[in-house]
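Asker:
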Amino acid sequence: MNAPAQPAAQASAAAEPSAAGNPGDPAAAAGTTPGASPEQAQFVAWLRLVAPYIHAFRGKTFVVAVPGELIQAGSLNALVQDLSLLHAMGMRIVLVHGSRPQVNEQLRLRGVQAHYAEGLRITDPVALECAKEASGEIRLDLEAAFSQGLPNTPMAHSAVRVVSGNLVTARPVGIVDGVDYQQTGLVRKIDVQTIRFALNSGAMVLLSPLGYSPTGEAFNLSMEDVAASTAIALDADKLIVLAETGGVFDADGSLRREVSEAETKALLAAGTLPEDTAFTLRHALRACEGGVARAHIIPYGLDGSVLLELFQHDGVGTMLVEETLEALREAGPDDVGGLLALLRPLEEDGTLVRRDRGLIEREIANFTVIEHDGVIFGCAALYAFPEEGIGEMAALAVNPQVQGRGDGERLLQRIEQRARAAGLKRVFVLTTRTMHWFLKRGFVLASVDQLPKQRRGLYNWQRKSLVLIKQL
Ligand SMILES: CC(C)(COP(=O)(O)OP(=O)(O)OC[C@H]1O[C@@H](n2cnc3c(N)ncnc32)[C@H](O)[C@@H]1OP(=O)(O)O)[C@@H](O)C(=O)NCCC(=O)NCCS
22 MNAPAQPAAQ
32 ASAAAEPSAA
42 GNPGDPAAAA
52 GTTPGASPEQ
62 AQFVAWLRLV
72 APYIHAFRGK
82 TFVVAVPGEL
92 IQAGSLNALV
102 QDLSLLHAMG
112 MRIVLVHGSR
122 PQVNEQLRLR
132 GVQAHYAEGL
142 RITDPVALEC
152 AKEASGEIRL
162 DLEAAFSQGL
172 PNTPMAHSAV
182 RVVSGNLVTA
192 RPVGIVDGVD
202 YQQTGLVRKI
212 DVQTIRFALN
222 SGAMVLLSPL
232 GYSPTGEAFN
242 LSMEDVAAST
252 AIALDADKLI
262 VLAETGGVFD
272 ADGSLRREVS
282 EAETKALLAA
292 GTLPEDTAFT
302 LRHALRACEG
312 GVARAHIIPY
322 GLDGSVLLEL
332 FQHDGVGTML
342 VEETLEALRE
352 AGPDDVGGLL
362 ALLRPLEEDG
372 TLVRRDRGLI
382 EREIANFTVI
392 EHDGVIFGCA
402 ALYAFPEEGI
412 GEMAALAVNP
422 QVQGRGDGER
432 LLQRIEQRAR
442 AAGLKRVFVL
452 TTRTMHWFLK
462 RGFVLASVDQ
472 LPKQRRGLYN
482 WQRKSLVLIK
492 QL
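For what it's worth, this note's numbering labels the leading residue of the sequence shown as 22, then goes sequentially.
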């Protein structure tokens with residue numbers, strides 16, 4: 022991170038209260054340091070709110086796929102400003118651009134029709150020339166945009182170096198079902214060593230949707246293939262694809278904020294998604310299956326969507342989450358024994374309320390479990406109060422042998438996901454010993470009066486559990 026000294030100094034100067042203070046401010050009248058104005062307080066609160074994300078993302082590798090449509094829509098400059106900011110905050114960025122509309126425009130200018138089969142362009146020699154021209158132009162535009170540094174713009178002092186080159190090896194798609202795809206290719210290999218070298222030296226890496234074969238030919242590739250392959254090869258922390266649809270939507274038009282690998286497979290198998298969403302999602306799934314922790318599909322039409330997705334809890338697109346070898350899944354009747362074994366010691370030392378076998382059997386569908394090699398290592402349950410739009414997360418427990426590895430957090434996220442899917446707006450917990458764990462995860466202290474009516478009646482006043490609520 023090359024944080025120039027000057028902007029920091031300017032920022033701290035701007036945050037200082039003015040010497041004159043606010044007119045009418047009693048502190049100013051008394052000659053003491055005046056309080057912050059509402060705007061200053063809001064600014065400071067906002068910056069503090071994003072601080073955890075900045076800390077978490079520093080040094081992380083993000084592959085960002087930018088479609089040609091975004092460039093055509095004139096949104097390149099805003100995106101470049103946002104990516105420069107991420108770069109300055111220490112994130113390692115590989116940018117992959119697309120060029121679909123630009124290639125089509127070149128073909129149109131030459132009076133040549135574009136040919137596709139199974140959604141894939143057939144790249145004849147003319148189309149390849151167009152792809153080279155389009156990529157060359159976009160690459161130069163991107164390099165120019167990252168070179169901006171006029172004072173009083175978000176790019177002042179940014180000094181982002183962009184490195185690109187022959188970093189993608191391609192192979193031909195070949196002849197499939199009798200269709201010769203000619204110079205349309207697939208990624209064969211990514212030059213990880215050179216990309217890492219460039220990233221380590223503080224540069225941003227730019228990849229075009231073109232690859233080269235050992236025979237010295239150029240192949241036209243899809244942006245999504247290059248981006249997913251690069252994210253896998255680099256073992257990136259995130260793949261972020263800017264897309265027109267900006268995520269996965271349910272039949273009722275509501276955005277799916279988070280989907281698991283298993284859900285994604287089911288969605289793709291159902292065949293109901295729009296073709297372009299399915300195409301993007303297939304590559305996002307491939308990235309997660311290949312070890313990329315998170316793949317985000319976000320709208321390119323929304324100004325600042327990359328920042329909103331990264332720095333806001335809920336984000337603006339759909340996030341596909343990698344599933345680890347441990348299975349996080351909803352519980353079934355066979356899990357009752359495992360659940361009892363996990364919960365009993367915590368019930369005996371008073372951490373959790375006692376639940377007998379019959380109760381767990383009846384309520385098994387409320388439980389989510391983490392299983393490893395057939396053993397239940399963690400669990401949590403959701404009890405919904407739909408009339409009041411709230412749910413209770415109960416019986417959260419992780420086997421002491423594996424605590425501190427994030428399983429508690431994963432269970433909480435799944436319960437929140439289940440609650441959102443059930444249309445709930447808030448979740449609450451009752452706890453006697455784990456308040457701080459919940460506070461750290463966005464819960465706030467509440468009172469017994471705020472519990473749903475039915476639950477209030479069952480509150481155990483002797484146990485004196487604390488009530489914590491989180492907005493979803
Ligand atoms: C609370 C619990 C589910 C967390 O599970 P986990 O898998 O260890 O959770 P994570 O790995 O996501 O989080 C671990 C972090 O939580 C902290 N933590 C664990 N128990 C805590 C507690 N009682 N209070 C505050 N923080 C706690 C750990 O120190 C660790 O912090 P770090 O990341 O700064 O090192 C687990 O400790 C547990 O089963 N506790 C007993 C049952 C319980 O209290 N359940 C809640 C009933 S409402």
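Every residue, glycine too, gets a C-beta built ideally from N, C-alpha and C.
#1: Does the contact criterion of 3 or more C-beta pairs under 8 Å hold for the segment 184-200 versus the segment 226-236?
#2: With respect to 7 Å, is the separation between the Cβ of His393 and the closest non-hydrogen atom of ligand 1 below this value?
#3: Leaving out five residues before and five after Gly195 in sequence, what residues of the same chain have Cβ atoms less than 7 Å from its Cβ?
#4: List the endpoints of the continuous beta strand (DSSP E) containing Glu413.
#5: Contact defined as beta carbons within less than 8 Å: I believe Leu367 pairs with Leu360. What is the distance between those atoms, to the nearest angstrom?
#6: For the segment 175-256, which segments carrying the beta strand (DSSP E) assignment without a break, of at least 3 residues, lie completely within its bounds, in sequence order?
#7: Report yes or no: do the segment 274-288 and the segment 128-142 share at least 3 C-beta pairs separated by less than 8 Å?
#8: Tyr137 bridges to which residues according to DSSP?
#9: Taking Glu382 as the reference, which of Arg365, Asp370, Glu392, Gly358 has the closest Cα?
#10: Just how far apart, CA to CA, sit Glu282 and Thr301?
#11: Which residues mark the beginning and the end of the alpha helix (DSSP H) in which Lys474 is found?
#12: Between Ala290 and Ala252, how many whole angstroms is the CB-CB distance? I'm expecting something under 8 Å.
#13: Does the beta carbon of Arg454 fall short of 7 Å from some heavy atom of ligand 1?
#14: Could you check if Gly353 is buried or exposed, using at least 16 other CB atoms within 10 Å of its CB as the buried criterion?
#15: Buried or exposed: where does Gly45 fall if 16 or more other Cβ atoms within 10 Å of its Cβ makes it buried?
#16: Please look up how many angstroms separate the CB atoms of Ala86 and Ile261, rounded, as I've assumed it's under 8 Å.
#17: Would you mind stating whether Gln471 and Val450 have Cβ atoms separated by less than 8 Å?
#18: From the DSSP output, which residues share a beta bridge with Thr389?
#19: Quick one: what does DSSP say Thr453 is sitting in, helix, strand or coil?
#20: Within this structure, are the beta carbons of Pro320 and Val337 separated by less than 8 Å?
#21: Among the candidates Ala77, Leu163, Glu158, whose CA atom is the shortest distance from the CA of Gln102?
#22: Assuming Ala257 contacts Phe83 under a Cβ cut-off of 8 Å, what Cβ separation, rounded to an integer in Å, is found between them?
#23: Would you say the segment 317-335 touches the segment 263-272, given that touching needs at least three Cβ pairs under 8 Å?
#24: Beta-carbon within less than 6 Å of Thr144's beta-carbon, same chain only, minus the 5 sequence neighbours each way: which residues are those?
#25: Taking 7 Å as the line, does the beta carbon of Asp370 fall inside it for any heavy atom of ligand 1?
#26: Does the distance from the CB of Pro407 to the CB of Ala442 come in under 8 Å?
#27: From the DSSP output, in three-state form, read off Ala155 for me.
#28: Output needed for Val396: all residues of its chain with C-beta closer than 7 Å, excluding positions within five of it in sequence on either side, in chain order.
#29: If you compare alpha carbons, which of Arg376, Phe167, Thr339 is closest to Leu106?
#30: Should Asp271 go down as buried or exposed, given a rule of 16 or more other Cβ atoms within 10 Å for buried?
#31: Considering only C-alpha positions, which residue in the set Glu238, Leu100, Ala224 is nearest to Pro175?
#32: Shortest alpha-carbon distance to Leu186 belongs to which of Ala148, Val124, Met225?
#33: So, helix, strand or coil for Ala48, using DSSP?
Answerer: In brief:
#1: Verdict: yes, contact present.
#2: Counted from its first residue, the sequence shown places residue 393 at position 372. Not so, every heavy atom of ligand 1 lies at least 7 Å from the Cβ.
#3: Residue numbering aside, residue 195 sits at position 174 when the sequence shown is read from its first letter. Within the same chain, Cβ atoms closer than 7 Å to the Cβ of Gly195 are found at Tyr202, the five residues on either side in sequence being excluded.
#4: Position 392 of the sequence shown, counting from 1, holds the residue named residue 413. Counting along the chain, the beta strand (DSSP E) containing Glu413 begins and ends at 411-419.
#5: Position 346 of the sequence shown, counted from the first residue, corresponds to residue 367. Position 339 of the sequence shown, counted from the first residue, corresponds to residue 360. The Cβ separation is near 11 Å, so there is no contact.
#6: Within the segment 175-256, the runs of beta strand (DSSP E) that reach at least 3 residues and sit entirely inside it are, in chain order, 189-193, 206-211, 225-228, 231-233, 239-241.
#7: With the cut-off at 8 Å, the segment 274-288 and the segment 128-142 do not touch.
#8: Residue numbering aside, residue 137 sits at position 116 when the sequence shown is read from its first letter. For Tyr137, DSSP records a beta bridge to Arg142.
#9: As a first step, residue 382 must be located in the sequence shown, where it is residue number 361. Selected option, being the one with the closest Cα: Gly358.
#10: Here the question's residue 282 lines up with position 261 in the sequence shown. Here the question's residue 301 lines up with position 280 in the sequence shown. Cα-Cα distance, rounded: 14 Å.
#11: Your numbering for residue 474 matches position 453 in the sequence shown. Where Lys474 is concerned, the enclosing alpha helix (DSSP H) stretches over 474-477.
#12: Start at 1 with the first residue of the sequence shown, and residue 290 comes out as number 269. Start at 1 with the first residue of the sequence shown, and residue 252 comes out as number 231. Between Ala290 and Ala252, the beta carbon gap of about 23 Å keeps them out of contact (Cβ cut-off 8 Å).
#13: What you label residue 454 is simply residue 433 of the sequence shown in a count that begins at 1. The closest heavy atom of ligand 1 lies less than 7 Å from the beta carbon of Arg454.
#14: As a position in the sequence shown, residue 353 is number 332, starting the count at 1. Note on Gly353: under 16 other CB atoms within 10 angstroms of its CB, so exposed under the neighbour-count rule.
#15: Along the sequence shown, read from residue 1 onward, the residue named residue 45 stands at position 24. In this prediction, Gly45 scores a pLDDT of 44, lower than 50, which makes its location untrustworthy; no coordinate-derived value is stated.
#16: Residue numbering aside, residue 86 sits at position 65 when the sequence shown is read from its first letter. Residue numbering aside, residue 261 sits at position 240 when the sequence shown is read from its first letter. Contact holds; Cβ gap of about 7 Å.
#17: Counting from 1 along the sequence shown, the entry for residue 471 is found at position 450. Counting from 1 along the sequence shown, the entry for residue 450 is found at position 429. No.
#18: Translated into the one-based positions of the sequence shown, residue 389 becomes position 368. Thr389 pairs with Glu351, Ala401.
#19: Numbered from 1 along the sequence shown, position 432 holds the residue referred to as residue 453. Reduced to three states, the DSSP call for Thr453 is coil.
#20: Reading the sequence shown from its first residue, position 299 is the one you call residue 320. Reading the sequence shown from its first residue, position 316 is the one you call residue 337. The Cβ atoms of Pro320 and Val337 sit closer than 8 Å to each other.
#21: Along the sequence shown, read from residue 1 onward, the residue named residue 102 stands at position 81. Gln102 has its Cα closest to that of Leu163, out of Ala77, Leu163, Glu158.
#22: One-based indexing of the sequence shown puts residue 257 at position 236. One-based indexing of the sequence shown puts residue 83 at position 62. Approximately 6 Å separates the beta-carbon atoms of Ala257 and Phe83; this is inside 8 Å, confirming the contact.
#23: With a cut-off of 8 Å, the segment 263-272 and the segment 317-335 count as touching, because enough Cβ pairs lie within range.
#24: As a working note, residue 144 is residue 123 in the sequence shown. Setting aside the 5 residues that flank it on each side, Thr144 is surrounded in the same chain by Gln203, Gln204, Thr205, Asn241, each with a C-beta closer than 6 Å to its C-beta; the list follows chain order.
#25: Residue numbering aside, residue 370 sits at position 349 when the sequence shown is read from its first letter. False, no ligand heavy atom lies under 7 Å from that Cβ.
#26: In the sequence shown, the residue the question calls residue 407 occupies position 386. In the sequence shown, the residue the question calls residue 442 occupies position 421. The Cβ atoms of Pro407 and Ala442 lie no closer than 8 Å to each other.
#27: Indexing the sequence shown from 1 puts residue 155 at position 134. Here Ala155 sits in helix by DSSP.
#28: Within the sequence shown, numbered from 1, the residue matching residue 396 stands at position 375. Excluding positions up to five away in sequence, the list reads Gly359.
#29: Start at 1 with the first residue of the sequence shown, and residue 106 comes out as number 85. Nearest of Arg376, Phe167, Thr339 to Leu106, Cα basis: Phe167.
#30: Looking up residue 271 in the sequence shown gives position 250. Answer is exposed; the Cβ neighbour count stays below 16.
#31: Here residue 175 refers to the residue found at position 154 when the sequence shown is read from its first residue. Looking at the Cα atoms, Leu100 is the closest of the given residues.
#32: Sequence index remark: in the sequence shown, residue 186 carries index 165 (1-based). The amino acid at residue 186 is misidentified as Leu; the sequence shows Gly. For the options Ala148, Val124, Met225, the alpha carbon positioned closest to that of Gly186 is the one of Met225.
#33: For the purposes of this step, residue 48 is taken as the residue at position 27 of the sequence shown. Bear in mind that a pLDDT of 48 at Ala48, under 50, signals an unreliable position, so the number given afterwards is only what the model happens to contain. Three-state result, Ala48: helix.
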